[in-house]
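Structure first, commentary second.
2 protein chains.
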Amino acid sequence: MRDDELIIIKLGGSAITFKEEFKRPDEETIRRLAGEIASSGVERLIIVHGGGSFGHPLAHRYELHIGLRGDWQLRGLAETHEAMEELNKLVVEALLAKGLPAVPLPPISCFITEAGRISKAFIEPVRAVLGLRAIPVLYGDVVLDEAQGFAILSGDQIVAYLALALGASRVILGLGVDGVFTSDPLKHPDARLIERLRPEDIQALGEGASAALDVTGGMGKKLREMAPIASAGIPVLLVNARRPGLILRALRGEKVRGTLLSIG
Amino acid sequence: MRDDELIIIKLGGSAITFKEEFKRPDEETIRRLAGEIASSGVERLIIVHGGGSFGHPLAHRYELHIGLRGDWQLRGLAETHEAMEELNKLVVEALLAKGLPAVPLPPISCFITEAGRISKAFIEPVRAVLGLRAIPVLYGDVVLDEAQGFAILSGDQIVAYLALALGASRVILGLGVDGVFTSDPLKHPDARLIERLRPEDIQALGEGASAALDVTGGMGKKLREMAPIASAGIPVLLVNARRPGLILRALRGEKVRGTLLSIG
């Protein structure tokens, strides 16, 4: 691990909340992950977390993902953002409790999307927090959208944007599963963990041509979000944040069970 | 009141919190003010609120106003911002309860200061929220500062910045007092309310030349912040938000007891 390396770590919503229950955080996991981050000794770090059961149910109730359809949706912007602030507060307080100088930077006021993709961003606060040797903490959020009124901006898209804009050394995605599998491990007991992926493997997904790699739904979207970072030479490690110690070891640059997405 | 006018209203920290007690909101006043704003029928509105007993004690404890002195201050950024989010949530929920489409836009991620003055800003989200016929809600906050690490950005400075950047029609400052007095009305029973001020009256304050106008401390700072707006032709009305009905009437453009700061 180089001293000047910048790591962006995502704490997935499925790792830090219980997805089945509305707004139920997994506080034990949040505290443990804060401890692992503190123990890693990494100095230049950006943390992005997902929404899990805080974000998705509200975004769904107000149909925020499809954009503006009626005024009834407008209160959903505030409610969804506030739910995300609530989860963010738990994450930030857990980090502070471990002595980490976490600074929350709410995405709703620094990103604008167009048809769901980041079109304008104000990342000076992120740079400034890093300049103070502190840790910017961002999260998936509802944002204003130039084409459709508003949109859900995923933590993954923020990770990808910041990794390219700031030239991150590497990215770690902490998931609720071990990584990318050949098929859904819950349905297929013979599913195998794919330890190594290249960006071109993911491009093939879009064409529906690759039968060997069954990455459906959320995981496919996540990988397509990460492919450009990997193509730019920034390795992305997908690892299970629910298994104690993996995030710590991944931050330290040790080899851990998971999926490494990178070129070469 | 013209249909296309844009009003920026500040809800002062001393109006919506009890300043003597740490983090004690005046929820009754917040609800009443939300009701007055809803009743006014104003369509294009930006709300900015102060921190009162949510912001000041923490900012003071961590000496955030003087900028970076040591790492011990860094956790103060998160704590102060979180306290402000807590108050903001009460304000936004009161507005939503009255049917107003309030959208919180946290200043920490869209403003950067230099030696305490706004040097960079990302106001596209404010424009976008207005474009949805919704109400941006901002507040005094801790922000990153290019010269001193961080700074306290007052709600007043945000009001002034947005009024000039967006060409507001007028500004209403809701205070915990009736307006500007000739001397401190708590100490001097013969203090008179000054109903009319011109920007040049305030410029004189800086030179300490004006004995007729005793605006010390907070009020002097507030007036100096507002002088450039008034000079640009945007009238600023200072009015007591603690007196029921005044904010409603001020929003409607009716004449109310208070101090009007304007040219001409």
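Protein sequence lines correspond, in order, to chains L and Z.
Residue numbers for the first sequence follow the working numbering, beginning at 790 and rising by one.
Residue numbers for the second sequence follow the working numbering, beginning at 790 and rising by one.
Note that CB positions come from ideal geometry on N, CA and C, so glycine has one too.
Ile1052 of chain L and Ala1019 of chain L have their C-alpha atoms roughly 6 Å apart. Taking a 10 Å sphere around the C-beta of Lys1044 of chain Z, we find fewer than 16 other C-beta atoms and assign the residue as exposed. At a cut-off of 8 Å between beta carbons, Asp860 of chain L contacts chain Z. The bridge partners DSSP lists for Glu903 of chain L are L:Arg906. Ranked by Cα distance from Ser972 of chain Z, the first of Z:Gly938, Z:Gly1009, Z:Leu962 is Z:Gly1009.
Here the alpha carbons of Leu1040 of chain Z and Ile826 of chain Z stand approximately 7 Å from one another. In the three-state scheme derived from DSSP, where H, G and I count as helix and E and B as strand, Thr869 of chain Z is classed as helix. Of the residues assessed, Leu933 of chain Z falls on the buried side of the cut-off, its CB having 16 or more other CB atoms within 10 angstroms. Ranking Z:Gly856, Z:Pro890, Z:His870 by CA distance to the CA of Leu863 of chain L puts Z:Pro890 first. Interface residue (Cβ-Cβ distance to chain Z less than 8 Å): Ser898 of chain L is classified as such. In this structure, the straight-line span from the alpha carbon of Leu866 of chain Z to that of Ala940 of chain Z is close to 9 Å. Scanning Z:Asp793, Z:Glu810, Z:Phe807, Z:Ile819 for the CA closest to the CA of Gly830 of chain Z turns up Z:Asp793. Residue environment analysis places Lys1011 of chain Z among the buried positions, since at least 16 neighbouring C-beta atoms fall within 10 angstroms of its C-beta. In the three-state DSSP reduction, Tyr851 of chain L falls in the coil class, being neither helix nor strand. Counting other Cβ atoms within 10 Å of its Cβ, Ala823 of chain Z reaches 16 or more and is therefore classed as buried. Given a length threshold of 3 residues, each whole run of the beta strand (DSSP E) inside the stretch 915–995 of chain Z is given here in chain order: 924–928, 930–934, 938–942, 959–964. Within chain L, Ala867 have C-beta atoms less than 7 Å from the C-beta of Ala891 of chain Z, given in sequence order. Residue contact with chain Z for Gly840 of chain L: absent (no Cβ-Cβ distance below 8 Å to any residue of chain Z).
Exclusion of the five residues before and after His870 of chain Z leaves Pro895, Ile897, Asp930, Val931 as the residues of its chain whose Cβ lies within less than 8 Å of its Cβ. With contacts defined by Cβ atoms closer than 8 Å, Gly963 of chain Z and Leu795 of chain Z do not form a contacting pair. If you draw a straight line from the Cα of Phe911 of chain L to the Cα of Arg981 of chain Z, it comes to about 46 Å.
A distance below 8 Å separates the beta carbons of Gly944 of chain L and Val837 of chain L. For Arg833 of chain Z, the enclosing beta strand (DSSP E) begins and ends at 833–838.
Excluding five sequence positions before and after Ile991 of chain L, the CB atoms of its chain that fall closer than 7 Å to its own CB belong to Leu1012, Arg1013, Ala1016, given in chain order. Ala1021 of chain Z carries a coil assignment under DSSP once its states are collapsed to helix, strand and coil. A residue is called buried when at least 16 other Cβ atoms come within 10 angstroms of its Cβ; Gly920 of chain Z does not meet this threshold and is exposed.
For Ile901 of chain L, at least one C-beta of chain Z is nearer than 8 Å to its own C-beta. Within the same chain, Leu982, Ile983, Glu984, Leu1027, Val1028, Asn1029, Arg1046, Gly1047, Thr1048 come within 8 Å of Gly968 of chain L by CB-CB distance, once the 5 residues on both sides are set aside. Per DSSP, reduced to three states, the secondary structure at Val1028 of chain Z is strand. Against chain L, the CB of His854 of chain Z has no partner CB under 8 Å away; the residue lies outside that interface.
Taken in chain order, the members of the stretch 910–928 of chain L whose beta-carbon sits within less than 7 Å of a beta-carbon on chain Z are Phe911, Glu913, Pro914, Ala917, Val918, Leu921, Ala923. Assignment of Lys812 of chain Z by DSSP, reduced to helix, strand and coil, places it in the coil class. Between Ile835 of chain L and Leu986 of chain L, the gap from beta carbon to beta carbon reaches 8 Å or more.
In this structure, Z:Arg821 is the residue among Z:Glu810, Z:Ala872, Z:Arg821 with its C-alpha nearest to the C-alpha of Arg1032 of chain Z. For Leu1037 of chain Z, the uninterrupted alpha helix (DSSP H) run begins and ends at 1035–1040, by DSSP. The beta carbon of Ser828 of chain Z lies closer than 6 Å to those of Leu1037 in the same chain, with the five residues before and after it left out.
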